[in-house]
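In terms of the working numbering, the sequence shown opens at residue 937 and continues consecutively.
Read through the structure below, which is laid out as structure tokens, and then see the notes.
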Amino acid sequence: MKLRPHNKPAHSAHTARPAGFAMISAIFILVVLAALGAFGVGIASMQHMSSALDVESARILHVARSGLEVGAYHVTQNGECDSPSYNDTLPDTADTMQGITVTVTCSKSGMYYRLLSTACNQPSGGACPNTVNPSPTYVERQVEMTIVCDKDQLGTCPAP
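Here it is in structure tokens:
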């Protein structure tokens, strides 16, 4: 008679070891890590795009304000709107403002001059706003100013 250890079963043919569990676990962990990595890359990409559009928005706002200043200069010097609207791409500005177009419109009602400056980075037909088919990176800013001028009493508009 043969003696067997206490921890071994009497019939070893009926016991099966779990095989492949480690492989399934490893594949599951790899899939989860790949999904987390893809999610992280997507978030980083969106963050980068958001920051770039923030900077572009600030640049375009400054150009729109510059357009208002030019329009206000024309109104205060001439006392009239030179033309109903004009476009400018600001070719003589610093490199940081190039590529932005500004459209300034002027309308007069009595002694009130309304200036509307619209600046954008992708003009339609050379003017802003782009209503045709702007891209996802299209940025536009509008600023408005009202100037009160009594040309009849003063002869010209006073400087602001």
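We put the CB at the ideal spot given by N, CA and C, even for glycine.
Source: prediction; values computed, not measured.
- Under the Cβ criterion (8 Å, minimum of three pairs), the region 1004-1011 does not count as touching the region 957-972.
- Taking M1081 as the centre and dropping the five residues before and after it, the same chain places the C-beta of L1004, A1008 and L1051 closer than 7 Å to its C-beta, in chain order.
- Straight-line measurement puts the Cα of V977 at about 25 Å from the Cα of V1075.
- In the structure shown, the three-state DSSP call for M985 is helix.
- Relative to the Cα of T1039, the nearest Cα in the group S1071, T1067, A1000 and A980 belongs to A1000.
- DSSP places I1083 in the strand class (E or B) of the three-state scheme.
- By the Cβ-count criterion, V1011 is buried, with 16 or more other Cβ atoms from all chains shown falling within 10 Å of its own Cβ.
- Between the C-alpha atoms of A970 and R1077 there is a straight-line separation of about 40 Å.
- The residue among Q983, C1085, N1057 and P1059 with its C-alpha nearest the C-alpha of Y1048 is C1085.
- Per DSSP, the continuous beta strand (DSSP E) segment holding C1056 begins and ends at Y1048 to C1056.
- Around Q1058, the same chain offers N1066, P1070, S1071 and Y1074 as residues with beta carbons nearer than 7 Å, after the five sequence neighbours per side are excluded.
- Counting of Cβ neighbours within 10 angstroms places I1036 among the buried residues, the total reaching 16 or more.
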